Each structure stands twice: as structure tokens, then as C-alpha cells.
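Chemist: Each residue of the sequence shown is one higher than the last, beginning at 922 in this note's numbering. For each residue, glycine too, the CB sits at the ideal point set by N, CA and C. Keep in mind that this is a model prediction, so the values were computed, not measured.
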Amino acid sequence: MLVWPRPQDERGIIIVFTGNGKGKTTAAFGTATRAVGHGKKVGVVQFIKGTWPNGERNLLEPHGVEFQVMATGFTWDTQNRESDTAACREVWQHAKRMLADSSLDMVLLDELTYMVAYDYLPLEEVVQALNERPHQQTVIITGRGCHRDILELADTVSELRPIKHAFDAGVKAQIGIDY
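1. Please say whether I936 and T1034 have beta carbons closer to each other than 8 Å?
2. With burial defined as no fewer than 16 other Cβ atoms inside 10 Å of the residue's Cβ, what is the status of Q1058: buried or exposed?
3. In the DSSP assignment, find the alpha helix (DSSP H) that holds L1030 and state where it starts and stops.
4. Between which two residues does the beta strand (DSSP E) containing F988 stretch?
5. Could you pull the start and end residues of the beta strand (DSSP E) that I1084 belongs to?
6. For the beta strand (DSSP E) containing F938, name the first residue and the last one.
7. Taking the beta strand (DSSP E) that I1062 belongs to, which residues open and close that run?
8. So, Q1005 versus L1044, is the Cβ gap smaller than 8 Å?
9. If you measure between the beta carbons of M1036 and C1009, is that distance less than 8 Å?
10. Taking C-alpha atoms, which residue in T946, Q929 and R955 lies nearest to I969?
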């Protein structure tokens, strides 16, 4: 008979949704929505999203979820790295504030992995903020190419991989499905 170990530790965890498949942000917001539904206090930092409205923000903000969005329309081929770096640093200050806030049960750092991978944020600073967060706080990190140091720090890691995607068949991103 298979006997599962009985978890004893009650603490916040670090969850990473990474990989090249669709659904990283969707999985993260599903978890955040569940937390809000249980009366938990959640903060969200979005590092790549633009100023356009998105369904998750439309749903969660009225329920007291604080959103901080980089909102530069950031692209990989930036026209102004200095400006993008400044915008990233500014939103990172909000993220650090949330990560230090013991009243927040969960902090979602959407697309954080890119900020580390493209050297907009120092890895050491991110790891330090994650390590110094309140004991009960859960953090969710999304994005492709998550740095191995963050993966090692995480308690739960899910890697999404593509099998088939509508975009490859010429179907554009759809409101309510993709954003």
C-alpha cells in the first residue's frame, strides 16, 4: 500500500510557471483567483504587460487586488533600453514593497523571469527579496527561461510545453482567451 508523507510545514511557498507553452500567466491567475475567493490578500506585479485592459485585472481589482504594471509596451528589441530599465526598476520597487508586506498572503510576479534573463534586474536582488519575504507569503513567478537559482529556490515548479497552438495556424490572440 502506498503511503503519502503527511506534510507538517505551514508556510508560504514559491511557485514557478515556466516553459515555452501557453498558460503560465493563466495558471498563475487561476491560483491568485482561488486565493482571493478564500479571502486571501493578493498583490500583482506585471512586468511586460502594456497599458491595455486585461480580463484578470478587470476581475480582481474590484476585489481589492493591487496591480502594479510596467506598462511600457516592452519588447525584446527595445528602442530605449535605458527607459525600459528605469520602468522595470520602478515597478520592481512596488514588487519589493509587496514582498515585504506581511499583510499580503500572495504576490504574483508575472513575467519576472524575463527581467532577470535580459539583465533588467539583478538576480541577486530578486533572490534576496524572495528569501526575505514574510514566512506565510506565497509568491508566484511566471515567464520563460526561469533562472536556475530561482528554480532551486522554488517549492513548486511547473514547466509548460507547447504541443499545438492556434497562433501557429494563423489565429490571432483573442480577448477573453489570451488576455
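Modeler: Based on what the coordinates show:
1. no
2. buried
3. Segment M1027 to D1031 is the beta strand (DSSP E) holding L1030; no alpha helix (DSSP H) there.
4. E987 to V990
5. Looking at the DSSP string, I1084 is not in any beta strand (DSSP E), and its letter there is neither H nor E.
6. I935 to T939
7. T1059 to T1063
8. Reading the sequence as shown, one finds Asp at residue 1005 and not Gln. Not in contact: D1005 and L1044 (Cβ atoms no closer than 8 Å).
9. yes
10. T946
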